[in-house]
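Data first, discussion second: the structure below is written as structure tokens.
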DNA sequence: GTGTTGCAGGTGTGATCACAAAAATGGCTT
DNA sequence: AAGCCATTTTTGTGATCACACCTGCAACAC
């Protein structure tokens with residue numbers, strides 16, 4: 229029985245909380261590709277019944293963050309190489325545009341924040357912490373793209389990130405590189421110089437860089 | 229081993245049927261922007277309880293085909309001008325890329341099919357039938373983009389169409405033009421000539437053409 | 001006339017149950 | 001040992017219900 233009312237400014241609906249938590253975890257690579265889940269298990273984890281878990285899962289499936297087997301079983305997606313390539317191309321398309329739109333609005337304060345985030349990225353790379361790397365890397369990009377004032381485009385880019393989340397975890401987890409992100413510095417330099425072609429090239433290079441590691 | 233997981237003649241899940249039907253209707257402009265709906269009403273329409281209606285609505289909300297008010301009420305979205313502009317820019321980005329990828333695989337049979345569809349588009353315009361125009365226009369574009377062999381990109385484009393569906397109905401419903409689609413002919417001509425820059429320009433023009441009508 | 005209040009119907013949310021189908025299990029035969 | 005079949009357990013689906021809240025709307029006070 230629900231005796232606890234829900235004021236508009238207080239706790240959000242349970243299904244929304246589950247959705248947001250799972251979405252963040254998937255996007256940041258907390259889950260491996262092909263990891264199975266169950267509605268009852270999710271509900272148990274969050275102390276609710278299957279109903280809100282079902283709604284959260286349904287939303288995530290619609291965004292491509294989870295996949296359903298032919299019998300309805302839930303799991304994180306295992307992407308084919310063709311699909312990874314496609315999603316990387318989508319990232320390049322959308323994120324280059326977002327960066328280009330953010331450029332005229334990028335002031336010094338933003339550039340400094342990007343540099344701060346970038347040191348965290350470099351630290352995550354040095355510690356070989358795949359999850360931290362993915363999280364800070366996404367934060368770097370999102371901080372830049374927020375300046376574009378294009379919420380629909382940003383949502384599209386986040387949907388692509390979401391679909392790539394588990395796969396990126398698997399890729400970066402196997403990787404053994406320790407070099408700091410070079411293209412992030414190029415992005416910052418192009419922002420500071422107001423160089424739009426350079427910015428577009430730097431973003432495109434940074435986005436497609438991850439794809440190259442797949443070929444090996 | 230599982231020899232027969234899902235027979236072809238077996239009925240799909242109810243929530244999936246509702247989802248697909250509503251999605252098609254929204255994408256084709258069958259519903260006006262801001263049109264309210266209820267879970268019980270949808271369930272009544274399809275002869276089921278609220279449960280499958282809820283799951284279908286949840287999926288559509290996740291794709292941006294429906295919006296929830298702060299109190300959870302369901303309605304088709306009413307887009308701001310800024311958002312329409314953004315979605316049109318996304319269409320241009322993604323669909324130009326799809327057309328470009330489809331170009332090397334476009335053989336004569338495809339071009340003839342596009343011409344056939346285009347006559348249907350012209351007929352819908354002549355009859356001032358907004359819903360038929362939207363449906364045949366989408367069929368024209370989808371037929372071309374299917375040749376790109378890029379399902380993730382096509383899904384992205386369809387998500388944008390979905391969000392624009394009700395708004396396009398409202399726009400084209402008010403419109404009083406009778407001229408046949410000029411840019412479709414340019415697209416076909418560029419395909420026949422193998423002219424990639426011309427194709428990209430024609431697709432971009434066709435996609436952003438609808439935006440211009442909004443300014444008036 | 002205009003703004004306010006109270007009430008009734010409707011709405012989304014979440015819990016619980018029944019059911020069918022799919023996996024997992026365990027015992028059996030070969 | 002390895003493969004196979006029957007049984008049990010688990011899982012998603014859909015129906016139904018209780019509940020809190022929102023929305024209209026009518027009656028009322030000023």
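Protein chains in written order, with the numbering used here: chain S, 229 to 444; chain X, 229 to 444.
We put the CB at the ideal spot given by N, CA and C, even for glycine.
It should be emphasised that the depicted structure is a prediction, and the values quoted were computed from it without experimental measurement.
Any chain S beta carbon closer than 8 Å to residue i
i, result
"residue 323 of chain X", "no"
"residue 282 of chain X", "yes"
"residue 419 of chain X", "no"
"residue 286 of chain X", "yes"
"residue 239 of chain X", "no"
"residue 334 of chain X", "no"
"residue 315 of chain X", "yes"
"residue 381 of chain X", "yes"
Minimum Cβ-Cβ distance from residue i to chain X less than 8 Å
i, result
"residue 319 of chain S", "no"
"residue 265 of chain S", "no"
"residue 311 of chain S", "yes"
"residue 384 of chain S", "yes"
"residue 290 of chain S", "yes"
"residue 354 of chain S", "no"
"residue 378 of chain S", "yes"
Own chain, CB closer than 7 Å to residue i, minus 5 neighbours either side, in chain order
i, result
"residue 276 of chain S", "242"
"residue 450 of chain X", "Residue 450 of chain X lies beyond the residue range present for chain X, which begins at 229 and ends at 444; the question has no answer from this structure."
"residue 390 of chain S", "251, 254, 255, 291, 292, 293"
"residue 381 of chain X", "322, 325, 326"
"residue 435 of chain S", "316, 319, 320, 323"
"residue 387 of chain X", "291, 292"
"residue 424 of chain S", "328, 331"
"residue 278 of chain X", "267, 268, 271"
Separation of residue j from residue i, as counted between CA atoms
i, j, result
"residue 403 of chain S", "residue 397 of chain S", "10 Å"
"residue 428 of chain S", "residue 375 of chain S", "15 Å"
"residue 235 of chain S", "residue 300 of chain X", "The predicted position of residue 235 of chain S is uncertain, since its pLDDT is 41 and thus under 50; no value can be drawn from it."
"residue 348 of chain S", "residue 364 of chain S", "7 Å"
"residue 362 of chain S", "residue 257 of chain S", "7 Å"
"residue 296 of chain X", "residue 422 of chain S", "40 Å"
"residue 280 of chain S", "residue 426 of chain X", "50 Å"
"residue 401 of chain S", "residue 268 of chain X", "47 Å"
"residue 228 of chain X", "residue 245 of chain X", "For chain X, the structure presents residues 229 to 444; residue 228 of chain X sits outside this window and is missing."
"residue 342 of chain X", "residue 333 of chain X", "14 Å"
"residue 393 of chain S", "residue 367 of chain S", "14 Å"
"residue 310 of chain S", "residue 304 of chain S", "17 Å"
"residue 339 of chain X", "residue 395 of chain X", "29 Å"
"residue 329 of chain S", "residue 377 of chain S", "8 Å"
"residue 420 of chain X", "residue 345 of chain X", "16 Å"
"residue 265 of chain S", "residue 271 of chain S", "11 Å"
"residue 412 of chain X", "residue 385 of chain X", "18 Å"
"residue 383 of chain S", "residue 336 of chain S", "25 Å"
"residue 240 of chain X", "residue 298 of chain S", "11 Å"
"residue 249 of chain X", "residue 416 of chain S", "47 Å"
"residue 314 of chain S", "residue 308 of chain X", "30 Å"
"residue 373 of chain S", "residue 369 of chain X", "29 Å"
"residue 312 of chain S", "residue 437 of chain S", "12 Å"
"residue 379 of chain S", "residue 302 of chain X", "21 Å"
Nonlocal neighbours in the same chain, by C-beta distance under 6 Å from residue i, ignoring five residues either side
i, result
"residue 414 of chain S", "430"
"residue 306 of chain X", "261, 262"
"residue 418 of chain X", "426, 427, 430"
"residue 433 of chain X", "411"
Cutoff 8 Å; reference residue i; Cβ partners in own chain excluding five residues on either side
i, result
"residue 247 of chain X", "283, 284, 287, 288"
"residue 259 of chain X", "253, 304, 393, 394, 397"
"residue 359 of chain S", "256, 257, 258, 397"
"residue 440 of chain X", "none"
"residue 371 of chain S", "338, 341, 342, 345"
Contact test: residue i Cβ vs the ligand FAD heavy atom, cutoff 7 Å
i, result
"residue 361 of chain X", "The ligand content of the structure shown is nil, which means the ligand FAD is not present either."
Next item on the list: Ignoring anything shorter than 4 residues or poking outside the stretch 348 to 431 of chain S, list the alpha helix (DSSP H) runs there in chain order.
Entry: 358 to 374, 379 to 402, 410 to 421
Notebook entry, point to check: Where are the alpha helix (DSSP H) runs, 4 residues long or more, that stay fully inside the stretch 258 to 309 of chain X, in chain order?
Noted result: 267 to 274, 278 to 290
Check: Fully enclosed by the stretch 309 to 337 of chain S, which alpha helix (DSSP H) runs are 4 residues long or longer?
Finding: 309 to 330
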